[in-house]
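Visitor:
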Amino acid sequence: MEFQAFQDNAWYEVVLVSNGDILTIKYKNFADEWNEIYHVGRFNTVKEIEDFGARFRRSSVQLQDGECRKVVAGMKVCATHYTDNGEVKFYDAIVHEVQKIQHSFKNGEEECYCIFVLLWQHGPSKGTKTYASVASICLIRHMQGLVDQALDSFLKIARERLGIASHNQDSYVQKGPVCEDPGTSSSYQTNSFIDVDAFFEKLRRVRRFRCAARTFEGRLNGQCKK
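Residue numbers (my numbering): 144 to 369.
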């Protein structure tokens, strides 16, 4: 499953754990100290619940060279974005144009040379267009029905609590970030000593090589390791 982080709106691979009112987001390949903890008390409206749920989706998959015909103008994709310091992030983009170029075959493997013009929806290049190759494109798999039981359970409890809170002016529901303890003023928590910027810098470095199926490690002439 992917999660669109609040800090930078980039997408990261996560595992979810639900414990009643609390949802723990575990970033893959990281120790528990990097977990993010959310409490149902963070939500004041149904829209806030829906917006939070929209930050989760099935993991995107690397576009293969022989699949480039699946990508058409107007389609939303998840694509790699290089920062000035060489970091790689994953952001959503709209395909503005596909410049089709004849494929070649090398050692029996198909190679795509098509050029994709992307209009970025998030990140530092939001609202601008850049060029990308097949290696940068991941296909988004939209949710259909229950995708993660932990997320479904957490959102269900949040909706139920919101319905109760709306009839109780003394509800502890707070605006802004969330915390682990509903009695506190926040409902989002990480360890207090964590440097958030350092965390996400480390997270991006790991993600660059975390999965041969959608990044560069293991890709041989545009193909993923089996």
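Yeah, the Cβ is synthetic: ideal placement off N, Cα and C, and Gly gets one too.
1. Where does Q245 sit, in a helix, a strand or coil, going by DSSP?
2. Quickly, what does DSSP pair K292 with across the bridge? List them, please.
3. Any contact of the region 206-225 with the region 185-196, i.e. 3+ C-beta pairs under 8 Å?
4. Classify A301: buried if its beta carbon has 16 or more other beta carbons within 10 angstroms, exposed otherwise.
5. Using CA coordinates, which residue listed in Q264, D227 and A275 is at the minimum distance from Y256?
6. Quick check on F149: does DSSP put it in helix, strand or coil?
7. DSSP state of V260, grouped into three classes?
8. Spatial neighbours of L294 within its chain, please: C-beta separation below 6 Å, excluding the five flanking residues on both sides.
9. For H242, which residues of its own chain have a beta-carbon under 6 Å away from its beta-carbon, when the five flanking residues on both sides are left out?
10. How would you label S247, buried or exposed, when you count the other beta carbons within 10 angstroms and need 16 or more for buried?
11. Given this structure, state the Cα-to-Cα distance separating K171 from G209, to the nearest angstrom.
12. Output yes or no for whether 8 Å exceeds the beta carbon distance between V157 and I168.
13. Could you tell me which whole beta strand (DSSP E) segments of length 3 or greater appear in the region 171-239?
14. According to DSSP, is K299 part of a helix, a strand, or is it coil?
15. Buried or exposed for A174, going by 16 or more other Cβ atoms inside 10 Å?
16. Could you give the first and the last residue of the continuous beta strand (DSSP E) run that contains K272?
17. Can you find the residues in the same chain that come closer than 8 Å, C-beta to C-beta, to N178, ignoring five residues on each side of it along the sequence?
18. According to DSSP, is Y155 helix, strand or coil?
19. From what residue to what residue does the beta strand (DSSP E) around I280 run?
20. Taking the C-alpha atoms as reference points, what is the distance between D164 and L206?
21. Work out the CA separation of F195 and Q245 for me, nearest whole Å.
22. Does the separation of the CB atoms of I283 and K219 fall below 8 Å?
23. Could you tell me the distance, in whole angstroms, from the CA atom of N187 to the CA atom of N250?
Guide: So, to answer that:
1. coil
2. The sequence given here places Gln at residue 292; Lys does not occur at that position. The partner list for Q292 (beta bridge, DSSP) is empty, contrary to what the question assumes.
3. no
4. buried
5. A275
6. coil
7. strand
8. L159 and F199
9. The residue you asked about is not His; residue 242 is Gln in the sequence shown. I258.
10. exposed
11. 29 Å
12. yes
13. 179-182 and 219-225
14. helix
15. exposed
16. K272 to A275
17. T167, I168, K169, Y170 and T333
18. strand
19. I280 to L282
20. 37 Å
21. 42 Å
22. yes
23. 58 Å
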